[in-house]
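Novice:
In my numbering, the protein residues as written are 8 to 153.
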């Protein structure tokens, strides 16, 4: 598989939206999350495109976007020191492998330039070993109360 990573632009809005809806429909289906509000999702994506980055992962052989990462630079709530907040690292189920996830994480590292990177996993997927292998340190858990 030949892949290409590139920074998304405003013209990629619908592609990103479709990819994230696919993520919600395939991976988050059993988590009792609300339905996708597409106009709100597009507003979120536009905001990230202005203040952060969306990196798209394209399978060149199929001419298809198969993954993305969404992140932005921010400050800690208690300090002016900067860090990277990763909203999403996603690869479609049928394409998922360690090499592609690594490529997406490496694309974040290039932008982060040594800043700490934080990722909150709320998908219910039990992939801690993957993130540990990528060098992430487990700092706790996500909890939800309905």
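Here a beta-carbon is modelled for each residue, glycine too, at the ideal position from N, C-alpha and C.
Which residues in the same chain have their Cβ closer than 8 Å to the Cβ of residue 140, if we skip the five residues on either side of it in sequence?
Specialist: 105
Novice: With three or more beta-carbon pairs closer than 8 Å as the criterion, would you say the region 29-40 touches the region 94-102?
Specialist: By the C-beta criterion, the region 29-40 is judged to be in contact with the region 94-102, since at least 3 inter-stretch pairs fall below 8 Å.
Novice: Just to confirm my understanding: we take residue 114, look at its own chain, exclude 5 residues before and 5 after, and list those with CB closer than 8 Å. What are they?
Specialist: 12, 62, 76
Novice: Only counting the same chain, and skipping five residues up and downstream in sequence, which positions put a Cβ closer than 7 Å to that of residue 19?
Specialist: 63
Novice: Who are the Cβ neighbours of residue 116 in its own chain at under 8 Å, not counting the five residues just before and after it?
Specialist: 124
Novice: On a CA-only basis, which of 59, 35, 67, 50 is nearest residue 8? Give me that one, please.
Specialist: 67
Novice: Could you spell out the range, first to last residue, of the alpha helix (DSSP H) harbouring residue 112?
Specialist: 105-119
Novice: Is the beta carbon of residue 69 less than 8 Å from the beta carbon of residue 131?
Specialist: no
Novice: Starting from residue 62 and walking both ways along the alpha helix (DSSP H), at which residues does that stretch end?
Specialist: Looking at the DSSP string, residue 62 is not in any alpha helix (DSSP H); the run it does join, the beta strand (DSSP E), is 59-66.
Novice: Quick one: give me the first and last residue of the beta strand (DSSP E) that residue 78 is part of.
Specialist: 71-82
Novice: Are the beta-carbon atoms belonging to residue 72 and residue 108 less than 8 Å from one another?
Specialist: Contact flag unset, no.
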